Amino acid sequence: ISRPVSLVVTDPLRIEPFGIHVWNDQNISQERAQIHIRSEIKNYAASDTDFTLRTTLLDPRGTPLFVHEENAQLGAGESTLLEFTSAEIDNPLLWSPDQPHLHSLHSELFVGGNLVDRTVTQTGIRWIEWPDLNGPEGQPLRINGQPFFINGVADYEHVLGESHAFSEQQIQTRVGQIQAAGFNAFRDAHHPHNL
Numbered sequence: 263i264s265r266p267v268s269l270v271v272t273d274p275l276r277i278e279p280f281g282i283h284v285w286n287d288q289n290i291s292q293e294r295a296q297i298h299i300r301s302e303i304k305n306y307a308a309s310d311t312d313f314t315l316r317t318t319l320l321d322p323r324g325t326p327l328f329v330h331e332e333n334a335q336l337g338a339g340e341s342t343l344l345e346f347t348s349a350e351i352d353n354p355l356l357w358s359p360d361q362p363h364l365h366s367l368h369s370e371l372f373v374g375g376n377l378v379d380r381t382v383t384q385t386g387i388r389w390i391e392w393p394d395l396n397g398p399e400g401q402p403l404r405i406n407g408q409p410f411f412i413n414g415v416a417d418y419e420h421v422l423g424e425s426h427a428f429s430e431q432q433i434q435t436r437v438g439q440i441q442a443a444g445f446n447a448f449r450d451a452h453h454p455h456n457l
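Add 262 to the 1-based position in the sequence shown for the numbering used here, that's all there is to it.
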């Protein structure tokens, strides 16, 4: 084992690991945005379970932008995908490399009024475009309509004479080296890196 390991005990009804997906589509501007959310819920119990999924989006300052509740039932061993699109969000704080504003999506699962599972997903509201991939040179990548130059590195999580399991200090050191070299993009190479 070359990564930290945790044993997580859950309720029989739970939000699946990596089961919350949140994104915005191309219908976005400085003035408004909409968020799409897909939640994967599974019932590991031996009986049917009624539940409520409450989803709350907080802006980077912690202000709630919307709350959505959905009631459903899952049979024993069943899973489901619950999907919805938010109402329009006025004047969203957009994510950019210079101002990486992150919104927090709180997903809470209730059974009989009791909270049985909760997860928080960070997301950035932004639009990305490459005006013409097949056109003339000089058409830069744009983030929120602004040109952005990618200067990246492919990084191997490896130190000569040591394992592939980086400590927190080694991770911070490596990030500092990447930033000091002037890179603004990162791709983990070959082996899955520590999250």
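Note that CB positions come from ideal geometry on N, CA and C, so glycine has one too.
Since this is a predicted model, take the numbers as computed values, not measurements.
Check, Outcome
"For Ala416 and Leu364, I'd like the C-alpha separation in whole angstroms.", "24 Å"
"Looking at the structure shown, is Gln431 part of a helix, part of a strand, or coil, going by DSSP?", "helix"
"Helix, strand or coil for Gln335, going by three-state DSSP, please let me know.", "strand"
"Between Arg294 and the rest of its own chain, which residues show a CB-CB distance below 8 Å, the 5 nearest in sequence each way excluded?", "Glu350, Ile351, Asp352, Asn353, Pro354"
"Curious, which full-length beta strand (DSSP E) runs of at least 3 residues does the region 351-383 contain?", "365-373"
"Applying the criterion that 16 or more other CB atoms from any shown protein chain within 10 Å of the CB defines a buried residue, is Asp310 buried or exposed?", "exposed"
"Keeping to the same chain, check which residues put their C-beta closer than 6 Å to that of His368; ignore five residues upstream and five downstream.", "Thr318, Val382"
"Which ranges does the beta strand (DSSP E) cover as unbroken runs of at least 3 residues, wholly within the region 399-425, from first to last along the chain?", "414-417"
"Given this structure, state the Cα-to-Cα distance separating Ile299 from Arg436, to the nearest angstrom.", "34 Å"
"Please classify Ile390 as buried or exposed, where buried requires at least 16 neighbouring CB atoms within 10 angstroms.", "exposed"
"CA-CA distance, Phe448 and Pro266?", "22 Å"
"Name the DSSP bridge partner or partners of Val329?", "Thr318"
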